[in-house]
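Presented below is the structure to which this report refers.
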Amino acid sequence: MSAIWNPALETMPRAELRQLQLERLQSTVNRVYRYVSYYRHLLDTAGLQPEDFQSFEDLRRLPLTTKQDLRNSYPYGMFAVPLREVVRLHSSIGTTGPPTVVGYTRNDLDHWTDLVARALTACGVGREDVVQISFGYGLFTAGFGFHYGAEAIGAAVIPVSSGNIERQVELMQDFRTTALIGTPSQGLHLARALDKLGVDPHSLSLRVGLFGAEPWGEKTRTEIEQRLLLTAYDTYGLSEIGGPGVSTECECRCGLHLAEDHFYVEVVDPQTGETLPEGAEGELVFTTLTKEAFPLLRYRTGDLASLDTSPCPCGRTFARMSRVSRRTDDLLVMQGVSIYPDEVEQALRAFPEVGKGFQLIARREEEADVLEVLVEVGVVPEMSLPALERLQENLREHLTRTLGLDLTVRLVEPHSLRSPDKREPRVIDQRSL
Ligand code: DLL
Numbered sequence: 477m478s479a480i481w482n483p484a485l486e487t488m489p490r491a492e493l494r495q496l497q498l499e500r501l502q503s504t505v506n507r508v509y510r511y512v513s514y515y516r517h518l519l520d521t522a523g524l525q526p527e528d529f530q531s532f533e534d535l536r537r538l539p540l541t542t543k544q545d546l547r548n549s550y551p552y553g554m555f556a557v558p559l560r561e562v563v564r565l566h567s568s569i570g571t572t573g574p575p576t577v578v579g580y581t582r583n584d585l586d587h588w589t590d591l592v593a594r595a596l597t598a599c600g601v602g603r604e605d606v607v608q609i610s611f612g613y614g615l616f617t618a619g620f621g622f623h624y625g626a627e628a629i630g631a632a633v634i635p636v637s638s639g640n641i642e643r644q645v646e647l648m649q650d651f652r653t654t655a656l657i658g659t660p661s662q663g664l665h666l667a668r669a670l671d672k673l674g675v676d677p678h679s680l681s682l683r684v685g686l687f688g689a690e691p692w693g694e695k696t697r698t699e700i701e702q703r704l705l706l707t708a709y710d711t712y713g714l715s716e717i718g719g720p721g722v723s724t725e726c727e728c729r730c731g732l733h734l735a736e737d738h739f740y741v742e743v744v745d746p747q748t749g750e751t752l753p754e755g756a757e758g759e760l761v762f763t764t765l766t767k768e769a770f771p772l773l774r775y776r777t778g779d780l781a782s783l784d785t786s787p788c789p790c791g792r793t794f795a796r797m798s799r800v801s802r803r804t805d806d807l808l809v810m811q812g813v814s815i816y817p818d819e820v821e822q823a824l825r826a827f828p829e830v831g832k833g834f835q836l837i838a839r840r841e842e843e844a845d846v847l848e849v850l851v852e853v854g855v856v857p858e859m860s861l862p863a864l865e866r867l868q869e870n871l872r873e874h875l876t877r878t879l880g881l882d883l884t885v886r887l888v889e890p891h892s893l894r895s896p897d898k899r900e901p902r903v904i905d906q907r908s909l
């Protein structure tokens, strides 16, 4: 079993952990009541004062905070410190509305670094490793998040960022990369690039990979492991809560350990908002416990998972969450037909000419629901206009038959919906707007 970065905290008895969480919750509530008008208003409306928070039951009396609440406060309305105390800003990828901006104080950055260091250590990455970070650096939290964590554990960091796949392969060969960090799609993309360039994976030094920032499953894990010859771990996070480092698998790979000393996690029924018992699948809801610049109470993620607090062979006592395989906003019901994006993805696999990205857009036109499916064209080969029109019509026929619903298809540019740095939502439901 590999080392534990912060054993005193990561293996703390759960009763002590609860006490620590409660104390940190009380100080967070105090802070947001004083400095964030949105939360002051929320507490006042619920008839709560900060000193009323004596248990997590009291927290549950507050409504959930949503992405829209963050958007309404764009850019700095939810910050709990003045800007002069903020030393870093990141932003989520804007899709339908203004993006969300997250700020970090010096302490926030130190905590974040520590969380990522824990995650890397849990996956067996250490100071002997050469870590290639293939996540984008920039406003996206992933590149910088992993960068500082990897430096903290003393690994040699290659900040290559995303893109330029040939260069990625060259660096893996020349710098003898042992640990690869990126999205699972990039993992597969690299595997294909090795094939194309005729590089034998046995000639590389890869042994471990941390993959996340998008849903993936055991099939993809097996494929990445077999083609890149490494052990692949799932790592989860979201910018609103701080970025990567929120939860990561340990070597047992039986769920992702949540950094519960920094976050209080609930699973709620996405429809009613009611807290669900351990083991039930529902929407993950996070309350930050140590964040100074951008604290959030009961933030609903839209990610579906379940929790498990049973002992883990690795010795960590932090609860484990299941993989996030679906989002609450993923299911689209139209004319009584339930449409899952996974189903569409599978149907599109029959067409080698199309790329990975697609988007379902539901609209209401003259009292009727209509569905438009945007489909990315693949990068190669270049197609003539008549061939594109034929493809579009074939896709329409195939999807109409598979989904049992009339729809239109529109082809869009390669990578315009999905690329290593960009993930448009797979479903946009404009009917309720
Ligand atoms: O993706 C942070 C991150 C970076 C996590 C690197 C892991 C590795 P956002 O851009 O705000 O932040 O996107 C967050 O991506 O709510 C999930 O829906 C999805 N997501 C992130 N990690 C996973 C994962 C980063 N391991 C949103 N499995 C989240 C499934 C994931 N979905």
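Note that the working numbering has the sequence shown beginning at 477, numbered continuously upward.
Glycine included, each C-beta is placed from N, C-alpha and C at the ideal position.
**OP:** Mind listing, in chain order, the continuous beta strand (DSSP E) runs of no fewer than 3 residues lying wholly within the stretch 573-659?
**Re:** 577-580, 606-609, 632-634 and 655-658
**OP:** Please go through the same chain and pick out, in chain order, the residues whose beta-carbon is closer than 8 Å to the beta-carbon of Glu982, but skip the five residues on each side of it.
**Re:** There is no way to answer for residue 982, as the model of the chain reaches only from 477 to 909.
Original post:
Beta carbon of Ser568: closer than 7 Å to some heavy atom of the ligand DLL?
Top reply: One-based indexing of the sequence shown puts residue 568 at position 92. Flag set: Cβ of Ser568 near the ligand DLL.
**OP:** Kindly indicate the opening and closing residues of the alpha helix (DSSP H) around Ala735.
**Re:** For the purposes of this step, residue 735 is identified with residue 259 of the sequence shown, where counting begins at 1. It is not in any alpha helix (DSSP H) - Ala735 carries neither H nor E in the DSSP assignment.
Subject >> Residue ranges of each alpha helix (DSSP H) within the stretch 486-554, 4 or longer >> reply: 490-511, 513-521, 532-535 and 543-548
Original post:
For Pro828, which residues from the same chain have a beta carbon less than 8 Å from its beta carbon, with the 5 sequence-adjacent residues on both sides left out?
Top reply: The count along the sequence shown starts at 1 and reaches residue 828 at position 352. Gly854.
Original post:
Around the Cβ of Leu493, are there at least 16 other Cβ atoms within 10 angstroms (buried) or fewer (exposed)?
Top reply: Translated into positions along the sequence shown, residue 493 becomes position 17. Leu493 comes out buried.
Original post:
Secondary structure at Pro862, three-state DSSP: helix, strand or coil?
Top reply: The residue given as residue 862 occupies position 386 in the sequence shown. Pro862: helix per DSSP, three-state reduction.
Original post:
For Thr571, which three-state DSSP category applies?
Top reply: Taking the sequence shown and counting its residues from 1, one reaches residue 571 at position 95. Interpretation of Thr571 is limited by its pLDDT of 45, a score under 50 that renders its predicted location unreliable; the figure taken from the coordinates is listed afterwards. If DSSP states are grouped into helix, strand and coil, Thr571 belongs with coil.
**OP:** Could you tell me whether the Cβ atoms of Asp584 and Glu768 are closer together than 8 Å?
**Re:** Looking up residue 584 in the sequence shown gives position 108. Looking up residue 768 in the sequence shown gives position 292. Their beta carbons are under 8 Å apart, which means Asp584 touches Glu768 by this criterion.
Subject >> Counterpart residues of His566 in DSSP-defined beta bridges >> reply: By 1-based counting over the sequence shown, the position of residue 566 is 90. According to DSSP, His566 bridges with Val578.
Original post:
Is it true that the CB of Ala626 sits closer than 8 Å to the CB of Pro771?
Top reply: Translated into positions along the sequence shown, residue 771 becomes position 295. Translated into positions along the sequence shown, residue 626 becomes position 150. The answer is no: Cβ separation not under 8 Å.
**OP:** Indicate whether Gly619 and Ile634 have their beta-carbon atoms separated by less than 8 Å.
**Re:** As a first step, residue 619 must be located in the sequence shown, where it is residue number 143. As a first step, residue 634 must be located in the sequence shown, where it is residue number 158. Going by C-beta atoms, Gly619 is not nearer than 8 Å to Ile634.
**OP:** Could you please give the first and the last residue of the uninterrupted alpha helix (DSSP H) stretch that includes Val820?
**Re:** Taking the sequence shown and counting its residues from 1, one reaches residue 820 at position 344. Pro817 to Leu824 is the extent of the alpha helix (DSSP H) around Val820.
Original post:
His566: buried (16+ other C-beta within 10 angstroms of its C-beta) or exposed?
Top reply: As a first step, residue 566 must be located in the sequence shown, where it is residue number 90. His566 should be labelled buried.
Original post:
Do Gly721 and Ala735 have their C-beta atoms closer together than 8 Å?
Top reply: Working through the sequence shown from its first residue, we reach residue 721 at position 245. Working through the sequence shown from its first residue, we reach residue 735 at position 259. Against a cut-off of 8 Å, the Cβ pair of Ala735 and Gly721 comes out as a contact.
Original post:
Would you say Pro746 touches the ligand DLL, meaning its beta carbon is less than 7 Å from a heavy atom?
Top reply: Indexing the sequence shown from 1 puts residue 746 at position 270. Every heavy atom of the ligand DLL is 7 Å or more from the Cβ of Pro746, so no.
**OP:** For the stretch 701-708 and the stretch 651-667, state whether three or more C-beta atom pairs, one from each stretch, are separated by less than 8 Å.
**Re:** yes
Original post:
My guess is that Thr785 and Arg594 are in contact by the Cβ rule of under 8 Å, so how many angstroms apart are they, rounded?
Top reply: Within the sequence shown, numbered from 1, the residue matching residue 785 stands at position 309. Within the sequence shown, numbered from 1, the residue matching residue 594 stands at position 118. Rounded, the Cβ-Cβ distance is 18 Å, inconsistent with contact.
Original post:
So Arg902 and Gln835 are in contact, right, with Cβ under 8 Å, and what is the actual spacing, rounded?
Top reply: Translated into positions along the sequence shown, residue 902 becomes position 426. Translated into positions along the sequence shown, residue 835 becomes position 359. The Cβ separation is near 6 Å, so the contact holds.
Original post:
Which whole runs of the beta strand (DSSP E) in the stretch 708-787 are 3 residues long or more, in chain order?
Top reply: 719-725, 732-734, 739-744, 758-764 and 775-781
Subject >> Helix, strand or coil at Gly663 [DSSP, three-state] >> reply: Taking the first residue of the sequence shown as 1, we reach residue 663 at position 187. Helix.
Subject >> Reference Thr878, options Val820, Thr793, Asp528 and Tyr624, closest by Cα >> reply: Numbered from 1 along the sequence shown, position 402 holds the residue referred to as residue 878. When only C-alpha atoms are compared, the closest one is Val820.
Subject >> Chain-order list of residues whose beta-carbon lies under 8 Å from that of Asp455 (same chain, five-residue window excluded) >> reply: Only positions 477 to 909 of the chain appear in the structure, and residue 455 is not among them; the question remains open.
**OP:** Count the CB pairs spanning the stretch 640-659 and the stretch 672-691 that are closer than 8 Å, and state whether there are at least three.
**Re:** yes
Original post:
Hey, Thr748 and Phe762: beta-carbon distance below 8 Å or not?
Top reply: The residue labelled residue 748 in the question sits at position 272 within the sequence shown. The residue labelled residue 762 in the question sits at position 286 within the sequence shown. Going by C-beta atoms, Thr748 is not nearer than 8 Å to Phe762.
Original post:
DSSP state of Leu881, grouped into three classes?
Top reply: Along the sequence shown, read from residue 1 onward, the residue named residue 881 stands at position 405. Coil at Leu881, not helix or strand.
Subject >> Delimiting residues of the alpha helix (DSSP H) encompassing Arg799 >> reply: Position 323 of the sequence shown, counted from the first residue, corresponds to residue 799. It is not in any alpha helix (DSSP H) - Arg799 carries neither H nor E in the DSSP assignment.
Subject >> Pick from Arg825, Val885, Tyr712 and Ala863 that is closest to Val846, judged by C-alpha positions >> reply: By one-based count along the sequence shown, residue 846 stands at place 370. Looking at the Cα atoms, Val885 is the closest of the given residues.
Original post:
Taking Cβ to Cβ, would you say Val578 is nearer than 8 Å to Glu716?
Top reply: Your numbering for residue 578 matches position 102 in the sequence shown. Your numbering for residue 716 matches position 240 in the sequence shown. Cβ distance < 8 Å, so Val578 and Glu716 count as in contact.
Original post:
Does the Cβ of Gly621 have 16 or more other Cβ atoms within 10 Å, making it buried, or fewer, making it exposed?
Top reply: On the sequence shown, position 145 is the one that residue 621 refers to. Gly621 comes out buried.
**OP:** Return the residue from the list Ala689, Lys695 and His891 that minimises the CA-CA distance to Gly713.
**Re:** Looking up residue 713 in the sequence shown gives position 237. If we check each option's Cα against that of Gly713, Ala689 comes out closest.
Original post:
Is it the case that the Cβ atoms of Leu765 and Val741 are separated by a distance below 8 Å?
Top reply: Residue 765 sits at position 289 when you count from the first residue of the sequence shown. Residue 741 sits at position 265 when you count from the first residue of the sequence shown. Result no, Cβ atoms of Leu765 and Val741 do not sit closer than 8 Å.
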